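Structure record follows, encoded as structure tokens.
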Amino acid sequence: MTIGVILGILFGGLFIGSFVVAAVSFRANRKGGAAVLKKRGYLLLAAGAVCFLLFLMIPFSFHTVQAGQVAVVKHMGKATGIRTAGTYFDFWVTEKYEFYDAKVQNMDITTSAYSKDAQTMDIAMTVQ
151 MTIGVILGIL
161 FGGLFIGSFV
171 VAAVSFRANR
181 KGGAAVLKKR
191 GYLLLAAGAV
201 CFLLFLMIPF
211 SFHTVQAGQV
221 AVVKHMGKAT
231 GIRTAGTYFD
241 FWVTEKYEFY
251 DAKVQNMDIT
261 TSAYSKDAQT
271 MDIAMTVQ
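Written as structure tokens, this is what we have:
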């Protein structure tokens with residue numbers, strides 16, 4: 151998750167910065183600037199579009215499975231594999247993760263019961 155946030159901020163900043171610089175280049179071109187500024191403006195617009203696509207594709211594709219969890223990977227709704235603890239890169243549009251708790255859980259049960267000949271007994275057990 152942290153990797154995705156960092157990359158999201160990076161690509162978002164590049165996206166916004168390239169459009170700002172492209173706008174400045176086009177404005178300078180209107181005021182009598184060289185044709186080089188116009189070419190640079192178009193190049194920066196293209197770079198901004200690429201950064202926007204990278205912003206949509208890459209940061210959301212990082213999946214983190216915590217310790218004590220197991221994730222079932224579904225490709226277009228069909229279960230294709232499992233993932234244990236770690237960080238994985240799977241394309242977010244086609245791959246979905248379902249998380250399940252894999253920790254051992256204890257349940258203590260204490261109850262009273264009667265035997266066949268009506269004797270009372272207390273039962274204590276632990277279910278894992």
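With positions in the sequence shown counted from 1, the corresponding number in the numbering used here is that position plus 150. Virtual Cβ for every residue (Gly too), placed ideally from N, Cα, C. Keep in mind that this is a model prediction, so the values were computed, not measured.
Here the C-alpha atom of A217 lies approximately 11 Å from the C-alpha atom of Y250.
In the structure shown, I232 adopts extended strand secondary structure according to DSSP, grouped into three states. Taking 8 Å as the upper bound for CB-CB distance, L157 and I208 are in contact here, some 6 Å apart. Non-local C-beta neighbours of C201 in its own chain, meaning closer than 7 Å and more than five positions away in sequence, comprise F161, L164, F165 and S168, ordered along the chain.
Beyond the five residues adjoining it in sequence on each side, G236 comes within less than 7 Å, by CB distance, of V215 in the same chain, given in chain order. If you draw a straight line from the Cα of A173 to the Cα of G191, it is about 7 Å long. Under the three-state reduction of DSSP, F241 is assigned to coil, being neither helix nor strand. For K224, the uninterrupted beta strand (DSSP E) segment begins and ends at Q219 to H225. Ranked by Cα distance from F210, the first of F241, T270, V170 and M271 is F241. G154 and F212 do touch by the CB rule: their CB atoms are close to 4 Å apart, below 8 Å.
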